Structure formats: structure tokens, C-alpha cells
Amino acid sequence: MQARAIAVKETNLAIAAASNWMRNSKGTSLTVKKQTPAVTLGCTSRGRVQIKNVRGQLSCNPIRTRSLAPELSVNEHGQTLGTYEDVERGAVPDLVGIVADSGIDGYAYWEQFDAEDAPDAIPVYAEDGTTQIGIFTFGDK
């Protein structure tokens, strides 16, 4: 099984924090820490997920939203822009909204973010997909 925990800003659905992909045949414990009240926690997995909260443990399988894939916006270079919610709804953008370690909202290439062998940090770009404005570090910052 492979799994990753993800925290998303409520205001614009940009990815605010994410754990590295974890692989374990007997289960994996995931934690994302973020010191802000405007964050919603979620998870993505390639297998069964067990979520632990303050009330105990819940076993669940990820549920995909049953709706039409959203129409994504496009930047000046023809790259699609979207959010983590768009990915969950079946529309995978070229660039996904993300929050740099500095707190600046920007975009990361989905292929870099979602790669199982992603480095500990990935570049964060402006909407044009070429101007680097920061970095996003997986795990505790």
C-alpha cells in the first residue's frame, strides 16, 4: 500500500502541507502538521486507508466525488491550472495550487508533486509555470 496525507487551505484549496508517499504492506501511519486554522485535512492513497482522529480510529476507503470533472483554467503557456479538489474530481491539471514554505500561494507541477520518488522539496511557480517563487517541502517544515 502507498499513502500520503494532504492538508488543503479552505480559502482556495491550495495544498498547504503533505507527507511523503509511504509504502508498507501492513499499513502506514501518516501525519501532517500545519499551524493554521484555515486548513482542511485529507488523504490520498493507493490502497486501503485508516484514519485516526481524536475520537478513535476510522477505517475507510477513499471516496471520489461523483460529479463531472471541472473545466480547468489555462495559463499563457497552455498549461492547465487547478486544485487538489480538481484532481479528486478527475481533472488532473498540469499545475496544482500549492502553498510555498514561505506562505506564498503558487503552483507546482502535478507530476512532480505526485511522483512516488519525489525529492524532499519541489519548486513552487507563479501562474506562468516558469517563474519560481519558492519551494514546497514534504513532511514537517
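In this note's numbering, the protein residues as written are 9 to 149. Backbone N, C-alpha and C fix where the C-beta goes; we use that ideal spot for every residue, glycine too. Remember, it's a predicted structure, so these values are computed and weren't measured experimentally.
{"Item": "Where Ala-24 sits in the DSSP three-state scheme", "Value": "strand"}
{"Item": "Whether Asp-92 touches Ile-14 by CB criterion (9 Å)", "Value": "It should be pointed out that residue 92 corresponds to Tyr in this sequence rather than to Asp. Yes, these two residues count as a Cβ contact at 9 Å."}
{"Item": "Separation of Pro-131 from Ala-108, as counted between CA atoms", "Value": "8 Å"}
{"Item": "Asp-128, DSSP secondary structure in three states", "Value": "coil"}
{"Item": "Cut-off 6 Å between Cβ atoms - residues of its own chain near Asp-102, not counting five sequence neighbours on either side", "Value": "Gln-87 and Thr-88"}
{"Item": "Helix, strand or coil at Phe-146 [DSSP, three-state]", "Value": "coil"}
{"Item": "Straight-line gap, Thr-145 to Ile-112 (C-alpha atoms, nearest Å)", "Value": "13 Å"}
{"Item": "Simplified DSSP state of Asp-113, which is helix, strand or coil", "Value": "strand"}
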